[in-house]
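**Q**
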Amino acid sequence: MKFGIAARRDKEEALKLAYRVYDFLKVKGCEVYVDTETYSHFPHFNEEDLVSLEDMKVDVVIAIGGDGTILRIEHKTRRDIPILGINMGTLGFLSEVEPSETFFALSKLLEGEYYVDERIKLRTRLNWKVKIPDALNEVAVLTGIPGKIVHLKYYVDENVADEIRADGLIISTPTGSTGYAMSAGGPFLDPRIDGIIIAPLAPITLNARPMVIPASSEISVDILSIDREAILAVDGQFYTYLDPGVKIKIKKSPRKTKFIRFSESLYPHYLMKIKKKF
0 MKFGIAARRD
10 KEEALKLAYR
20 VYDFLKVKGC
30 EVYVDTETYS
40 HFPHFNEEDL
50 VSLEDMKVDV
60 VIAIGGDGTI
70 LRIEHKTRRD
80 IPILGINMGT
90 LGFLSEVEPS
100 ETFFALSKLL
110 EGEYYVDERI
120 KLRTRLNWKV
130 KIPDALNEVA
140 VLTGIPGKIV
150 HLKYYVDENV
160 ADEIRADGLI
170 ISTPTGSTGY
180 AMSAGGPFLD
190 PRIDGIIIAP
200 LAPITLNARP
210 MVIPASSEIS
220 VDILSIDREA
230 ILAVDGQFYT
240 YLDPGVKIKI
250 KKSPRKTKFI
260 RFSESLYPHY
270 LMKIKKKF
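Residue numbering for the sequence shown follows numbering that gives the first Met the number 0, beginning at 0 and increasing consecutively.
1. Using only the alpha-carbon positions, how far apart do F261 and L141 sit?
2. Rounded to a whole number of angstroms, what is the C-alpha to C-alpha distance between G184 and K255?
3. To the nearest angstrom, how far is the alpha carbon of G281 from that of E228?
4. If I follow the unbroken beta strand (DSSP E) through H150, where does it start and stop?
5. Under 7 Å Cβ to Cβ from A201, same chain only, skipping five residues before and after it: list those, please.
6. Assuming K130 is part of the alpha helix (DSSP H), what are its boundary residues?
7. Taking the beta carbon of L205 as the centre, do at least 16 other beta carbons fall within 10 Å, making it buried, or is it exposed?
8. Is the beta carbon of I169 less than 8 Å from the beta carbon of A198?
9. Could you work out which residue in G3, D79 and M181 is closest to E117 when comparing CA atoms only?
10. If M0 and Y32 are in contact, beta carbons under 8 Å, what's the gap, nearest whole angstrom?
11. With a CB to CB cut of under 8 Å and the five nearest residues on each side skipped, what residues in its chain are close to V149?
12. Using the C-alpha atoms, what's the distance from L14 back to R122?
13. Taking the beta strand (DSSP E) that F258 belongs to, which residues open and close that run?
14. To the nearest angstrom, how far is it from the Cα of G88 to the Cα of P209?
15. Enumerate in chain order the residues of its own chain whose CB-to-CB distance from F41 is below 6 Å, with the five nearest sequence positions on each side excluded.
16. Classify K251 as buried or exposed, calling it buried when 16 or more other Cβ atoms lie within 10 Å of its own Cβ.
17. Using DSSP's beta-bridge definition, name the partner residues of M210.
18. For a quick check, are the C-beta atoms of Y153 and I218 less than 8 Å apart?
19. Who are the Cβ neighbours of D22 in its own chain at under 6 Å, not counting the five residues just before and after it?
20. With A6 and T35 assumed to form a contact (beta carbons below 8 Å), what rounded beta-carbon distance in angstroms separates them?
21. Applying the 10 Å Cβ sphere with the 16-neighbour rule, what's the burial state of P81?
22. At what residues does the beta strand (DSSP E) containing K1 begin and finish?
23. For the putative contact between I53 and T76, defined by C-beta atoms under 8 Å, what is the C-beta separation to the nearest angstrom?
24. Would you decide whether Y114 is buried or exposed? Buried here means 16 or more other CB atoms lie within 10 Å of its CB.
25. What are the boundary residues of the beta strand (DSSP E) that Y80 is part of?
26. Relative to the alpha-carbon of L151, which residue among G244, A134, S39 and D133 has its alpha-carbon at the smallest distance?
27. Taking only the alpha-carbon atoms, compute the straight-line gap between D234 and G65 and give it to the nearest angstrom.
28. Reducing DSSP to helix, strand and coil, say where T239 ends up.
29. Name the one or two DSSP bridge partners that A62 has.
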């Protein structure tokens, strides 16, 4: 198997574990490539094994860090490469194993004792030419001026769903339901459900509530504010300003994120992480 390694760059323990993983896989006779940004913060890997995430052509990428590291990998890799997450973050909702389990998990992976968990993503289109990366967690339309609301109207399959004045609107996948959308009052959505959450962010009316729609639906958002900009944020990794009057369309992407898993059971492991956080 060919492996890629990318680590959290601001935590020395993550970088050191990345080197141990690199060395372990090399001893096992695997081809191993290291993200150039990881190397720039821990220059102890062989230089001939360096490659950017954008150019990685491997069977598995090992992400050593938190959810932010996994999202960085997702936004930079051009192929749907399965990711094995080793949690060196705060909680690591997207990670599969803890640091103490690293080499046991790698041994199981090399022996073929794993399965691939596929998660839906969201694709965003604007009425002007800006390349928007697919979202694993959420697409958020936010006010461009903190403390000032934005006026939005949104549709589901071309039918009006609501018109709100709020801090913004979050459109979330089931994977992102434990993140920004949950903070806005949205529900936890089992990742096996093929659905999308729409959650207004701090609306000024009490009847603007989160909703769950089929993932086959298309969401359209109109920015009705004429005197201020809004911001489009994708997974906390990509941002762009939106001019008044821009039309935004969001639907399920043809691409999926793939995770290496060792158990098909979500419970109670997944819910315990939620309870620990909230």
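Beta carbons are placed, not taken as given, at the ideal position from N, Cα and C, and that holds for glycine.
**A** In terms of the structure at hand:
1. As a first step, residue 261 is located in the sequence shown; it is residue number 262 there, counting from the start. As a first step, residue 141 is located in the sequence shown; it is residue number 142 there, counting from the start. So the alpha carbons of these two residues sit roughly 37 Å apart.
2. If you number the sequence shown from 1, residue 184 lands on position 185. If you number the sequence shown from 1, residue 255 lands on position 256. Taking the straight line joining both Cα atoms gives about 26 Å.
3. Here the chain covers residues 0 to 277 and nothing more, so residue 281 does not appear.
4. Taking the sequence shown and counting its residues from 1, one reaches residue 150 at position 151. Unbroken beta strand (DSSP E) run through H150: V149 to V155.
5. Counted from its first residue, the sequence shown places residue 201 at position 202. Closer than 7 Å at Cβ, skipping near neighbours: A165 and D166.
6. As a first step, residue 130 must be located in the sequence shown, where it is residue number 131. Looking at the DSSP string, K130 is not in any alpha helix (DSSP H), and its letter there is neither H nor E.
7. Position 206 of the sequence shown, counted from the start, is the residue given in the question as residue 205. Sixteen is the threshold: since fewer than 16 other Cβ atoms of the shown chains lie within 10 Å of the Cβ of L205, the residue is exposed.
8. The residue labelled residue 169 in the question sits at position 170 within the sequence shown. The residue labelled residue 198 in the question sits at position 199 within the sequence shown. Yes, the pair counts as a contact, with Cβ atoms nearer than the cut-off.
9. Taking the sequence shown and counting its residues from 1, the one referred to as residue 117 is at position 118. Residue D79 is the option with its Cα nearest to E117.
10. In the sequence shown, residue 0 corresponds to position 1, counting from 1. In the sequence shown, residue 32 corresponds to position 33, counting from 1. No, M0 and Y32 are not in contact; Cβ-Cβ is about 12 Å, not under 8 Å.
11. Numbered from 1 along the sequence shown, position 150 holds the residue referred to as residue 149. The residues are V140, L141, T142, G143, R164, A165, D166, G167, I222, S224, R227 and A229.
12. Along the sequence shown, read from residue 1 onward, the residue named residue 122 stands at position 123. Along the sequence shown, read from residue 1 onward, the residue named residue 14 stands at position 15. Their Cα atoms are separated by approximately 32 Å.
13. Taking the first residue of the sequence shown as position 1, residue 258 is located at position 259. If you look at F258, you'll find it in the beta strand (DSSP E) that goes K246 to R260.
14. As a position in the sequence shown, residue 88 is number 89, starting the count at 1. As a position in the sequence shown, residue 209 is number 210, starting the count at 1. Straight-line Cα distance between these residues: approximately 28 Å.
15. By 1-based counting over the sequence shown, the position of residue 41 is 42. Closer than 6 Å at the Cβ level, and outside the excluded window around F41, lie L14.
16. Indexing the sequence shown from 1 puts residue 251 at position 252. The residue in question, K251, is buried, as its Cβ has 16 or more Cβ neighbours within 10 Å.
17. Here residue 210 corresponds to residue number 211 of the sequence shown, with the count starting at 1. Per the DSSP secondary-structure output, M210 pairs in a beta bridge with I197.
18. Indexing the sequence shown from 1 puts residue 153 at position 154. Indexing the sequence shown from 1 puts residue 218 at position 219. Cβ atoms of Y153 and I218: closer than 8 Å.
19. On the sequence shown, position 23 is the one that residue 22 refers to. Nothing meets the Cβ criterion.
20. Residue numbering aside, residue 6 sits at position 7 when the sequence shown is read from its first letter. Residue numbering aside, residue 35 sits at position 36 when the sequence shown is read from its first letter. Contact doesn't hold; Cβ gap of about 12 Å is too wide.
21. Sequence index remark: in the sequence shown, residue 81 carries index 82 (1-based). Residue environment for P81: buried (at least 16 other C-beta atoms within 10 angstroms of its C-beta).
22. On the sequence shown, residue 1 is found 2 positions in, with the first residue counted as 1. Its beta strand (DSSP E) spans residues K1 to A6.
23. Translated into positions along the sequence shown, residue 53 becomes position 54. Translated into positions along the sequence shown, residue 76 becomes position 77. Residue identity differs from the one stated: residue 53 is Glu in this sequence, not Ile. Right, the Cβ-Cβ distance comes to about 7 Å (below 8 Å), so this counts as a contact.
24. Here residue 114 refers to the residue found at position 115 of the sequence shown. Label assigned to Y114: exposed.
25. Along the sequence shown, one-based indexing puts residue 80 at 81. According to the sequence displayed, residue 80 carries Ile and not Tyr. Looking at the DSSP string, I80 is not in any beta strand (DSSP E), and its letter there is neither H nor E.
26. What you label residue 151 is simply residue 152 of the sequence shown in a count that begins at 1. The residue with the shortest Cα to Cα distance from L151 is G244.
27. Position 235 of the sequence shown holds residue 234. Position 66 of the sequence shown holds residue 65. Using only the alpha carbons, I get a separation of about 13 Å.
28. If you number the sequence shown from 1, residue 239 lands on position 240. Of the three classes helix, strand and coil, the one that applies to T239 here is strand, per DSSP.
29. Counting from one through the sequence shown, the residue named residue 62 turns up at place 63. Paired residue(s): A5 and G84.
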